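Beneath this line is the structure, given in structure tokens, with notes to follow.
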Amino acid sequence: MKVVLAYSGGLDTSVILKFLQEKYGHEIITVTLNVGQRENWEELQNKAYNLGTLKHYTIDARESFVKNYAWSAVMNNALYQGSYPLATSLTRPLMAQTLVNIARREGADAVVHGCTGMGNDQIRFELGIKALAPELKIIAPVREEKFTRDWEIEYAKKHDIPVSKKIYSIDENLWGRSIEGGVLEDPKNIPPEEIFRWVSPPEKCVDIPEYVEIGFEKGIPVSINGLRMEPLTLVDNLNNLGGRHGIGIIDHIESRVVGIKSREVYEAPAATMLIRAHRELEKMVLTKRMLEFKEIVDSTWTNLVYQGLWYEPLRESLDKFTEHVEQYISGSMKLKLYKGGMHIASRYSPNSLYDKNLATYESGGLFNQEYSRGFIEIFGLESVMAYRKYRERERKNEFLQGSEYSVQEGTAG
Ligand code: ARG
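So for the sequence shown, my numbering puts the first residue at 9; every next one is plus one.
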């Protein structure tokens, strides 16, 4: 059988690459997506060829990842359970799409991934592949052959597969770095400093606060400090800048789709800053009712993507709503960064609904306070009436219960 393997260069997928040839005689084509992880691409490709791949593809998907996935996450203020900016989750549908494209181009019969049966990523890959190419088989050797880490290390040694001393499970792309495992598995443990690559601890950050102004057009980040930038450059710059100021560490107990709670630590400076700035800009531009409804849309979108349901039609319907709303979200947000703290310093939008003439407490304001008396009367009419009615009933009941009690007392005596 000819199969396409999503190859990361790590232990799991390297073992799979060898194993599938050895045990089943499969012909293997390997694919690695560059989504902004720090990697030696040539070394990775050589490793794949050394382990017997027929053909290796390295695909630079960074631009598409930012424009089609990260920017949607910004527009949807995507923070799963209020915390996790979906870094890993967002790459999976793009990877599924790429694997399917290559499988078709190469006439392959199946797609192979290295996910375990305990996580979210298997769901994201497989639902993506099923939606796009139902004719392709899906092989998940780690899950199906019940690979354990010890067995993999043994196997790797036997087959000259280089094994690095890896304590943590790390997944990295330009939207964030996800870190799991090792001492983090005990939620009582404080994350050791050595796990962080992008973000400095607050005590090691510079002593001077820095302001950064992020410009948005129709919900999409377009500039930093007035300088227009390509999407990739913009995200890179914010990751560096935020990281320097200790921004973007998220220590999270996360509810996985399969019912397990896991402890994961993330580094995501750009995502953290962009989503915060974007949400604040929306508050200035959208009406109260739009904001309330958008919160529902945002969390629904985020849950769909987290759960691997990128190809669920509801996601596209929500995108249409968001696209319509976001046409107004232009302007700029200035953030103040200082030793792990991020504060909104100032805000501007040509579409702002904030009107100083209405909001001012000084004389000459446009708001007519005389109308408020009548407004309050009618606005709360039903609620006030209901409160009084219900209390009245309660008081009657209390009274009745009290008198029954005294009657019984009388009988006994
Ligand atoms: N918990 C995150 C998710 O489900 C990240 C998963 C990958 N994390 C890792 N450390 N390998 O999207």
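Just so you know, even glycine gets a beta-carbon here, dropped at the ideal spot from N, CA and C.
As the structure is a prediction and not an experimental result, all values here were calculated from the model.
Of the listed residues Arg132, Ile169 and Gly60, nearest to Ile37 (C-alpha basis): By 1-based counting over the sequence shown, the position of residue 37 is 29. The candidate whose alpha carbon is nearest that of Ile37 is Gly60.
Going by CA-CA distance only, name the one from Tyr369, Leu140, Thr21 and Glu180 that's closest to Thr99. Residue 99 sits at position 91 when you count from the first residue of the sequence shown. When only C-alpha atoms are compared, the closest one is Glu180.
Ignore the nearest five residues each way along the sequence and tell me which others in Ile175's own chain have a CB closer than 6 Å to its CB. One-based indexing of the sequence shown puts residue 175 at position 167. The answer, listed in chain order, is Gly190.
Comparing alpha-carbon positions, which option in Tyr398, Gly184 and Glu331 lies nearest Ile255? Residue mapping note: residue 255 aligns to position 247 of the sequence shown, counting from 1. It is Gly184.
Checking the sheet assignment: what are the DSSP bridge partners for Ile261? Within the sequence shown, residue 261 is the residue found at index 253, counting from 1. Assignment of beta-bridge partners to Ile261 by DSSP yields Arg271.
Rank Gly339, Val243, Arg157 and Glu225 by C-alpha distance to the C-alpha of Val23 and give the top, closest one. Taking the first residue of the sequence shown as position 1, residue 23 is located at position 15. For Val23, the nearest C-alpha among the options comes from Arg157.
Does Gly223 come out as helix, strand or coil in the three-state DSSP assignment? On the sequence shown, residue 223 is found 215 positions in, with the first residue counted as 1. Here Gly223 sits in strand by DSSP.
When DSSP labels each residue in this structure, what does His286 get in the three-state scheme? Walking along the sequence shown from the start, residue 286 turns up at place 278. Assigned with DSSP and collapsed to three states, His286 falls in helix.
Please state whether DSSP places Asp363 in a helix, a strand or coil. Mapped onto the sequence shown, residue 363 falls at position 355. Here Asp363 sits in coil by DSSP.
Identify, in the order they occur along the chain, each residue of the same chain with its Cβ nearer than 8 Å to the Cβ of Leu366, setting aside the five sequence neighbours on each side. What you label residue 366 is simply residue 358 of the sequence shown in a count that begins at 1. Gly373, Leu374 and Phe375, listed in sequence order.
Below 8 Å, can you find three or more Cβ-Cβ pairs linking the region 120 to 130 to the region 141 to 154? The region 120 to 130 and the region 141 to 154 touch, with no fewer than 3 CB-CB distances between them shorter than 8 Å.
DSSP-derived helix/strand/coil call for Val392: If you number the sequence shown from 1, residue 392 lands on position 384. If DSSP states are grouped into helix, strand and coil, Val392 belongs with the helices.
Give me the Cα-Cα distance between Leu102 and Tyr15, rounded to the nearest whole angstrom. Stepping through the sequence shown from its first residue, residue 102 is reached at position 94. Stepping through the sequence shown from its first residue, residue 15 is reached at position 7. So the alpha carbons of these two residues sit roughly 14 Å apart.
Let's test the definition: count the other Cβ atoms within 10 Å of the Cβ of Val12 and tell me whether it reaches 16, buried, or not, exposed. Residue numbering aside, residue 12 sits at position 4 when the sequence shown is read from its first letter. If you draw a 10 Å sphere on the C-beta of Val12, you find 16 or more other C-beta atoms in it, and that means buried.
Rounded Cβ spacing between Pro93 and Ala276 (contact assumed at less than 8 Å): In the sequence shown, the residue the question calls residue 93 occupies position 85. In the sequence shown, the residue the question calls residue 276 occupies position 268. Confirmed, about 5 Å.
Taking 8 Å as the cut-off, does the region 209 to 216 touch the region 341 to 354 (at least 3 CB pairs, one atom from each stretch)? With the cut-off at 8 Å, the region 341 to 354 and the region 209 to 216 touch.
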